[in-house]
Amino acid sequence: MDLQNNKEAVFQAVEEAAERANRSKDSVKIIAVTKYVDCQTAQELVRTGVTHIGENRVDQFLEKYEALKDENLTWHLIGSLQRRKVKDVIHLVDYFHALDSVKLAQEIDKRAQRVIKCFLQVNISQEESKHGFRLEELDAVLPQLESLKNICIVGLMTMAPFEASHEELNQIFDTARQLQKELKKKQLKNMPFSELSMGMSRDYPQAIANGSTYVRIGTAFFK
Ligand SMILES: *Cc1c(COP(=O)(O)O)cnc(C)c1O
Numbered sequence: 023m024d025l026q027n028n029k030e031a032v033f034q035a036v037e038e039a040a041e042r043a044n045r046s047k048d049s050v051k052i053i054a055v056t057k058y059v060d061c062q063t064a065q066e067l068v069r070t071g072v073t074h075i076g077e078n079r080v081d082q083f084l085e086k087y088e089a090l091k092d093e094n095l096t097w098h099l100i101g102s103l104q105r106r107k108v109k110d111v112i113h114l115v116d117y118f119h120a121l122d123s124v125k126l127a128q129e130i131d132k133r134a135q136r137v138i139k140c141f142l143q144v145n146i147s148q149e150e151s152k153h154g155f156r157l158e159e160l161d162a163v164l165p166q167l168e169s170l171k172n173i174c175i176v177g178l179m180t181m182a183p184f185e186a187s188h189e190e191l192n193q194i195f196d197t198a199r200q201l202q203k204e205l206k207k208k209q210l211k212n213m214p215f216s217e218l219s220m221g222m223s224r225d226y227p228q229a230i231a232n233g234s235t236y237v238r239i240g241t242a243f244f245k
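Just remember that this note's numbering sits 22 ahead of the position in the sequence shown, which is counted from 1.
This is how it looks when you write it as structure tokens:
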């Protein structure tokens, strides 16, 4: 595992994907998902110049945070969060990517001492196994979130099915982008909807082609 080399390859590929889409490379933030590795390996990756760290589980998030808290990092909790664990972690989170219920939002609002930047997770592919709001739910959900003063909905997060074809990926990511644009236009309170969290190791170039502003990449750093 050559971390320096992997880091350079990922950053280069992101830059190229952005260029092909006529976007600046700074418009795409790269989150290194460190869930596959121990704290020491995560630390070594940080030394290569990664500044955004993502974990999908609370216990691993806390472990990595404890080990790396003196680095100047932005912390992303990217996986589903149980309501009873909100109080253990939310004060350390810069971005939460998996907001998937009103009850969870209310718990975050209650426990947070400051505004937490959240992505609404949407289930565009309609897979049973995936978390996230269904598109037809959103009209009812948004008014309930607008009043929560410690929640800022910065954008949408979505995940494509593992086996999705090139066409399906484009369709899912494009649907997310269209929806993000529509929601942004509404200018709802505490909901700028300016960001899109989509793209993992296997599909990030396509996500960037479709407007992603945060890619969440694990495997490609640690292969
Ligand atoms: C693990 C994980 C990723 C990264 O996946 P890779 O395919 O390893 O790049 C991205 N997002 C979420 C929510 C994850 O759990």
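Every residue, glycine too, gets a C-beta built ideally from N, C-alpha and C.
Separation of residue j from residue i, as counted between CA atoms
i	j	result
residue 121	residue 173	10 Å
residue 170	residue 127	8 Å
residue 210	residue 168	7 Å
residue 226	residue 198	14 Å
residue 118	residue 240	17 Å
residue 145	residue 61	31 Å
residue 79	residue 42	34 Å
residue 112	residue 192	33 Å
residue 26	residue 54	13 Å
residue 195	residue 231	9 Å
residue 222	residue 132	31 Å
residue 57	residue 101	11 Å
residue 218	residue 235	5 Å
residue 82	residue 213	29 Å
DSSP three-state assignment for residue i, whether helix, strand or coil
i	result
residue 93	coil
residue 142	strand
residue 217	strand
residue 236	strand
residue 107	helix
residue 137	coil
residue 242	helix
residue 185	coil
residue 194	helix
residue 32	helix
residue 58	coil
residue 51	strand
residue 43	coil
residue 75	strand
residue 126	helix
Residue i beta carbon near ligand 1 (any heavy atom closer than 6 Å)
i	result
residue 78	yes
residue 146	no
residue 55	yes
residue 241	yes
residue 230	no
residue 222	yes
residue 154	no
residue 100	yes
residue 133	no
residue 238	yes
Check: residue i C-beta below 6 Å from any heavy atom of ligand 3
i	result
residue 105	Only ligand 1 can be found as ligands here, which leaves ligand 3 out of the picture.
Any C-beta of chain C under 7 Å from that of residue i
i	result
residue 171	Absent from the structure is chain C; it holds one protein chain and no more.
Which runs of the alpha helix (DSSP H), 4 residues or longer, sit entirely within the stretch 148-175? As far as the stretch 148-175 is concerned, its whole alpha helix (DSSP H) runs of at least 4 residues are 160-168.
Segment contact flag, the stretch 35-42 with the stretch 66-76, C-beta cutoff 8 Å, min 3 pairs: no
Can we say the stretch 147-165 touches the stretch 178-185, given the rule of at least three CB pairs closer than 8 Å? yes
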